[in-house]
Amino acid sequence: MKRHIEIKDTKALVAEAFCNFLRAELKDRASYHIALSGGSTPKDVFDLLSTARYGDIDWSKVYLYWGDERCVPPTDNQSNYKMTNDHLISRVDIPATNVHRIHGEEIPAQEAERYGKIISESVTEVDGLPQFDLVMLGLGEDGHTASIFPNQIALWDSPKNCEIATHPDSGQKRITITGKLINHAKKVAFLVTGASKADKVREIIQEDGDYQVYPASKVQPSDGEVYWFLDTDAATGMK
Ligand code: 6PG
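In structure tokens:
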């Protein structure tokens with residue numbers, strides 16, 4: 159696994175670094191399958207990607223998936239799809255057929271099954287597994303990533319493409335992709351900003367202390383590359 163670490167002074171500069179990275183990734187590609195992260199961090203990225211500055215991106219070759227989704231309707235403010243639609247999809251010329259939304263409104267067990275099949279049918283298979291060109295990930299303050307939380311870290315090793323997770327505080331059900339897809343991606347990009355994440359970033363990247371209890375520490379794509387896009391607040395304490 160190759161690892162790249164980019165540290166920028168501000169969230170805006172982190173967003174710009176990621177957008178430039180993505181634009182370079184898309185150059186000369188006929189198609190590009192990306193699993194998006196949710197939460198709030200990607201908003202700045204999606205807002206910037208929607209501006210004329212990145213108007214040269216040909217969205218017809220970009221296929222969007224989600225690494226996780228809250229089990230809520232797509233109109234709910236907690237929906238990762240809604241956040242992405244508000245900040246990106248509704249502002250760029252991407253064919254609706256390129257957008258593979260997780261149906262958070264459906265029965266979780268049925269949707270985990272359905273979405274796992276969508277991924278298998280739509281994402282290029284390499285060595286018997288769907289291989290995303292890029293998986294975007296965030297990092298929770300508890301060390302979770304996608305929607306695999308420390309108290310359910312066993313979900314990481316599920317043989318399924320997708321599993322049902324439960325948020326440890328709210329009890330909210332989530333659909334999440336599992337470690338077998340994340341670690342089979344060509345590239346994985348963490349976008350992490352803010353001082354509240356600094357301890358986990360340091361522990362995970364430097365393999366300090368009990369770092370292996372954090373699901374994000376299991377992101378180690380055997381033949382892939384991991385990028386950490388960090389602001390200086392999140393990178394505090396890194397040697
Ligand atoms: C979600 C996520 C989750 C997120 C982290 C960081 O659905 O919430 O995908 O893994 O990336 O919790 O969230 P923030 O970007 O809001 O800090």
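Just so we're aligned: the sequence shown equals residues 159 to 397 in our numbering.
Every residue, glycine too, gets a C-beta built ideally from N, C-alpha and C.
Backbone CA spacing between residue i and residue j [nearest angstrom]
| i | j | result |
| --- | --- | --- |
| tyrosine 369 | arginine 228 | 26 angstroms |
| lysine 219 | glycine 367 | 42 angstroms |
| serine 189 | tyrosine 221 | 7 angstroms |
| proline 253 | glycine 395 | 43 angstroms |
| lysine 355 | lysine 160 | 22 angstroms |
| phenylalanine 387 | valine 172 | 6 angstroms |
| aspartate 391 | arginine 360 | 11 angstroms |
| asparagine 178 | asparagine 256 | 21 angstroms |
| serine 316 | glutamine 236 | 26 angstroms |
| glycine 296 | lysine 185 | 24 angstroms |
| histidine 191 | alanine 353 | 31 angstroms |
| methionine 294 | isoleucine 333 | 16 angstroms |
| histidine 162 | isoleucine 340 | 17 angstroms |
| arginine 272 | isoleucine 335 | 12 angstroms |
| glutamine 268 | tyrosine 223 | 17 angstroms |
| isoleucine 247 | arginine 187 | 20 angstroms |
| aspartate 300 | arginine 259 | 26 angstroms |
| valine 281 | cysteine 320 | 14 angstroms |
| isoleucine 215 | lysine 397 | 36 angstroms |
| lysine 331 | glutamate 279 | 25 angstroms |
| glutamate 365 | aspartate 234 | 37 angstroms |
Interface flag, residue i vs chain C, CB-CB below 7 angstroms
| i | result |
| --- | --- |
| aspartate 300 | In summary, chain C is missing from the structure at hand, where a single protein chain is found. |
C-beta contact flag for residue i and residue j at 7 angstroms
| i | j | result |
| --- | --- | --- |
| glycine 298 | asparagine 238 | no |
| aspartate 357 | lysine 169 | no |
| glycine 225 | alanine 270 | no |
| proline 288 | isoleucine 277 | yes |
| leucine 349 | threonine 199 | yes |
| serine 375 | isoleucine 362 | yes |
| aspartate 251 | tryptophan 217 | yes |
| lysine 318 | glycine 286 | no |
| glutamate 383 | lysine 345 | yes |
| glutamate 164 | alanine 182 | no |
| alanine 347 | tyrosine 385 | yes |
| isoleucine 311 | proline 373 | yes |
Residues of its chain near residue i, where Cβ-Cβ distance is below 6 angstroms and the 5 sequence neighbours each way are ignored
| i | result |
| --- | --- |
| valine 371 | Pro308 |
| valine 230 | Gln236, Ser237 and Gly262 |
| proline 232 | Tyr239 and Lys240 |
Contact test: residue i Cβ vs the ligand FMN heavy atom, cutoff 6 angstroms
| i | result |
| --- | --- |
| glycine 337 | Judged by which ligands are present, the ligand FMN is missing from the structure shown, whose ligands are the ligand 6PG. |
Cut-off 7 angstroms between Cβ atoms - residues of its own chain near residue i, not counting five sequence neighbours on either side
| i | result |
| --- | --- |
| glycine 337 | Trp314, Asp315 and Lys376 |
Close Cβ partners of residue i (< 8 angstroms) along its chain, the five nearest in sequence each way excluded
| i | result |
| --- | --- |
| threonine 351 | Lys169, Val172, Thr199, Leu388, Asp389, Asp391 and Ala392 |
| tyrosine 212 | Cys177, Arg181 and Leu206 |
| arginine 249 | Ser208 |
At a cut of 8 angstroms, does the segment 240-256 reach the segment 204-215 through at least three beta carbon pairs?
-> yes
3-residue-minimum beta strand (DSSP E) runs that sit fully inside the segment 189-260, ordered along the chain | 190-194, 220-224 and 226-228
Meets three-Cβ-pair contact criterion under 8 angstroms: the segment 297-311 and the segment 249-265 | no
Check whether the segment 322-335 touches the segment 375-383, counting contact only when three or more Cβ pairs, one atom from each stretch, lie closer than 8 angstroms.
-> no
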